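J.:
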Amino acid sequence: LINSFIHSYTIDKYLFSMRLSDETLLDIMTRFRSEMKRGLSSDFNPTATIKMLPTFVRSTPDGSEKGDFIALDLGGSFFRILRVKVSHEKKQTVQMESKIYDTPEDIMSGSGTRV
């Protein structure tokens, strides 16, 4: 028990020096927001420290959704197709199944119209 207390105290003492003040956290948040906006801007994206791509999502789910939904994710070297089934029988359930395909090199480095 004493060893456990000493161990906890040592960890807390070590972590205390890493704590950030509310002021510092707000500063970090402000900087992140600013850089994300720069990353979304076509004018500043090349020099932004956080690169961003617009998602064109116009709203977020409100919990009343049900049915089958398809999500497509074209990342670097993979193309993922995801089927999400949302139902509201006794309780809300979400089932997902996905299939992942390799993206050929010529498609990854080719023009957008080839995709």
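Going by the working numbering, the letters in the sequence shown line up with residues 22 to 136, in that order.
Heads up, the beta-carbon is just placed ideally off N, CA and C, and yes, glycines get one too.
Since this is a predicted model, take the numbers as computed values, not measurements.
#1: Among LYS87, VAL78, GLU118, GLY97, whose alpha-carbon lies nearest the alpha-carbon of GLY131?
#2: When the Cα atoms are used, what is the spatial distance from ASP123 to LEU95?
#3: For MET50 versus ILE71, is the C-beta distance shorter than 8 Å?
#4: Return the CA-CA distance between LEU61 and PHE77, expressed in angstroms with no decimal places.
#5: Could you tell me the boundaries of the beta strand (DSSP E) in which MET117 lies?
#6: Which runs of the beta strand (DSSP E) at least 3 residues long sit entirely within the segment 72-102? Give them in chain order.
#7: Tell me the rounded alpha-carbon separation between SER108 and ILE91.
#8: Which residues in the same chain have their Cβ closer than 6 Å to the Cβ of PHE15, if we skip the five residues on either side of it in sequence?
#9: With SER55 as the anchor, note down where its alpha helix (DSSP H) starts and where it stops.
#10: Taking only the alpha-carbon atoms, compute the straight-line gap between VAL105 and LYS120 and give it to the nearest angstrom.
#11: Using DSSP bridges, identify the partner residues of LYS34.
T.: According to the data block:
#1: By one-based count along the sequence shown, residue 131 stands at place 110. Looking at the Cα atoms, GLY97 is the closest of the given residues.
#2: Against the sequence shown, residue 123 aligns to sequence position 102. Against the sequence shown, residue 95 aligns to sequence position 74. Rounded to whole angstroms, ASP123 and LEU95 show a C-alpha spacing of 10 Å.
#3: Walking along the sequence shown from the start, residue 50 turns up at place 29. Walking along the sequence shown from the start, residue 71 turns up at place 50. The answer is no: Cβ separation not under 8 Å.
#4: Stepping through the sequence shown from its first residue, residue 61 is reached at position 40. Stepping through the sequence shown from its first residue, residue 77 is reached at position 56. When rounded, the distance between both Cα atoms is 11 Å.
#5: On the sequence shown, residue 117 is found 96 positions in, with the first residue counted as 1. In the DSSP assignment, MET117 falls within the beta strand (DSSP E) that extends over 114-123.
#6: The segment 72-102 contains these whole beta strand (DSSP E) runs: 88-95.
#7: Locating residue 108 in the sequence shown gives position 87, counting from the first residue. Locating residue 91 in the sequence shown gives position 70, counting from the first residue. Answer to the nearest angstrom: the Cα atoms are 15 Å apart.
#8: Outside the displayed span of the chain (22 to 136) sits residue 15, for which this structure offers no information.
#9: Within the sequence shown, numbered from 1, the residue matching residue 55 stands at position 34. That run of the alpha helix (DSSP H) goes 43-61.
#10: Locating residue 105 in the sequence shown gives position 84, where the first residue counts as 1. Locating residue 120 in the sequence shown gives position 99, where the first residue counts as 1. Rounded to whole angstroms, VAL105 to LYS120 spans 12 Å at the Cα level.
#11: What you label residue 34 is simply residue 13 of the sequence shown in a count that begins at 1. Under the DSSP definition of a beta bridge, LYS34 lacks any partner.
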